[in-house]
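Structure, as structure tokens:
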Amino acid sequence: MGNALSPCFHSSRVSSVTLIFCEGTTRILTGKHIAGEIMFENQDKIVCHADSFFIGHPLPSLAFDDELIPGQTYFVLPIDRISCTHVLSAASLAALTRNSSSSPRPAPISFGACDPFQYVRAANGRILVKVAPEFIISLLKTSKEEEENDSSFLCSTPELKKHYQQLVGSREQTWSPKLETISEYKIKYPPRRLLGLEWKLKQENDA
Numbered sequence: 001m002g003n004a005l006s007p008c009f010h011s012s013r014v015s016s017v018t019l020i021f022c023e024g025t026t027r028i029l030t031g032k033h034i035a036g037e038i039m040f041e042n043q044d045k046i047v048c049h050a051d052s053f054f055i056g057h058p059l060p061s062l063a064f065d066d067e068l069i070p071g072q073t074y075f076v077l078p079i080d081r082i083s084c085t086h087v088l089s090a091a092s093l094a095a096l097t098r099n100s101s102s103s104p105r106p107a108p109i110s111f112g113a114c115d116p117f118q119y120v121r122a123a124n125g126r127i128l129v130k131v132a133p134e135f136i137i138s139l140l141k142t143s144k145e146e147e148e149n150d151s152s153f154l155c156s157t158p159e160l161k162k163h164y165q166q167l168v169g170s171r172e173q174t175w176s177p178k179l180e181t182i183s184e185y186k187i188k189y190p191p192r193r194l195l196g197l198e199w200k201l202k203q204e205n206d207a
């Protein structure tokens, strides 16, 4: 009998939209909705598809009349923390930890067990650096916890940059034939330190 209820449960989840706000709260929507409804209710915020954050690419902000896709998750982010006109970088991600009630400086970041960056092979064959949605959620939680507690975390903003530098530096590794058919996978970070890697990544993608 439990198995008979399972399809209904999964159908309910697929037909709903999940909104995650910068304050750490979650809201579930059912039925058809457009991004403009959310932005009208939160006029100082933008709506972004949670699974479309790529380093070196513009923020995945939705237009006013874009429909929210059932089964997908979206972040509702404050405009004053992250600009939708600039490319996504380690610095702009760190800005998500800045709370408005205290210092304008970004709060320290806790990485925990989450790998912040992943490789994704795009449809055109290019390799993109994707920011894991779970990591963005952890950044938003960091911001909320900093407002409630002044205690510091072990990892700081430079640590975020180090993770990114190590990931991009590892792109020089040779691809394994077994991975050619895999669209997305996580990698280990090699101990490399390179300068100007964000610029290098953008230059390679533009080539």
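Take 1 as the starting number for the sequence shown in the UniProt record's numbering and just add one per residue. C-beta: ideal position from N, C-alpha, C; glycine also. Nothing here was measured: the structure is a model prediction, and the numbers come from that model.
Between Leu88 and Leu139, the C-beta gap is not smaller than 8 Å, which leaves the two residues out of contact. With fewer than 16 other Cβ atoms inside 10 Å of its own Cβ, Phe40 counts as exposed.
The shortest C-alpha to C-alpha distance from Lys130 to any of Thr26, Leu62, Ile55 and Ala50 is the one to Ile55. In the DSSP secondary-structure assignment, Ile79 is not bridged to any residue. CA-CA distance, Gly71 to Leu59, rounds to 21 Å. Look at the segment 25-94 and you find these whole runs of beta strand (DSSP E), each 3 residues long or longer: 26-30, 45-49 and 73-78. Apart from sequence neighbours up to five positions away, the residues of its chain that approach Thr26 with a beta-carbon distance below 8 Å are Thr18, Leu19 and Ile20, ordered along the chain. Around the beta-carbon of Ala123, fewer than 16 other beta-carbon atoms lie within 10 Å, marking it exposed. Taken atom to atom, the span from the alpha-carbon of Thr73 to that of Ser52 is near 10 Å. Annotation: the continuous beta strand (DSSP E) that includes Leu19 extends over Ser16 to Phe21.
For Arg121, the beta-bridge partners assigned by DSSP are Ile127.
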